[in-house]
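Residue numbers (my numbering): 53 to 296. One structure below.
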């Protein structure tokens, strides 16, 4: 809900709405009515945003690409590897509460005890009128993104170099970005137990954390191909060489 602009004082017009002043009008006129509608304190609320394939057929509009696209990539990678020989036992984890403290990654890493971690994320696309190149040079349709660092992790450099090598061999364009403010699930994963070689790969996405985001199918497919080949390459000898 919102106060009509006709009633806003000058000071209010230029003020960011504080979280405590926000509310959602569900049409109830009393607490009893709200409860009779089945609404309870603590119920989650999500935007109603329909998945749409945009006019060019290769860009997709939907809510919460951060990080539903990572979950979709897990499924894609598992399908691609099904029935094919590879040297690993793979765990695909859709972690919870990443946005409020990387919590699910911490408990998942403890439970799985991985030898290597590949975090599948979105990358903030900067090809928008309001964005400056120094804020993000990532572009939609220009390939997967490797995070050179984020606020919680610097990737294992040998694993990072393997990603570069595999991408080059497959002819996959690879963008590089940094995330100086904020972190990823790589943070708790890479410090689990005695340490876990870890890297973060992202699909470029516009307008993250809004009701509608946009990704490129080409970036998504290229990221899946890259991860599949990484899994094939990460045999015991290669993993042993990742350690300092």
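Yeah, the Cβ is synthetic: ideal placement off N, Cα and C, and Gly gets one too.
Look up residue i in the DSSP assignment and say whether it is helix, strand or coil.
i	result
residue 197	strand
residue 159	helix
residue 227	strand
residue 241	helix
residue 290	helix
residue 71	helix
residue 216	helix
residue 164	helix
residue 31	Absent from the structure is residue 31, since the part of the chain shown begins at 53 and ends at 296.
residue 154	coil
residue 222	helix
List the endpoints of the continuous alpha helix (DSSP H) containing residue i.
i	result
residue 256	Unbroken run through residue 256 is the beta strand (DSSP E), 250–258; no alpha helix (DSSP H).
residue 276	269–285
residue 129	117–133
residue 63	62–65
residue 88	83–88
For residue i versus residue j, is the C-beta distance shorter than 7 Å?
i	j	result
residue 157	residue 241	yes
residue 203	residue 190	no
residue 166	residue 248	yes
residue 211	residue 154	no
residue 115	residue 263	yes
residue 174	residue 118	yes
residue 147	residue 163	no
residue 282	residue 224	no
residue 125	residue 192	no
residue 209	residue 219	no
residue 132	residue 291	no
residue 205	residue 239	yes
residue 236	residue 251	no
residue 230	residue 200	yes
residue 129	residue 245	no
residue 110	residue 269	yes
residue 188	residue 170	no
So if DSSP puts residue i in a beta bridge, which residue, or which two residues, is it bridged to?
i	result
residue 205	202
residue 112	105 and 267
Looking at the secondary structure, which residues open and close the beta strand (DSSP E) in which residue i lies?
i	result
residue 171	169–176
Say whether the stretch 256–275 touches the stretch 180–197, bearing in mind that this needs 3 or more beta-carbon pairs closer than 8 Å, one atom from each stretch.
With three or more CB-CB distances shorter than 8 Å, the stretch 256–275 counts as touching the stretch 180–197.
Between the stretch 73–92 and the stretch 100–110, can you find at least three pairs of beta-carbon atoms closer than 8 Å?
Fewer than three Cβ pairs drawn from the stretch 100–110 and the stretch 73–92 lie within less than 8 Å of each other, which leaves the two stretches out of contact.
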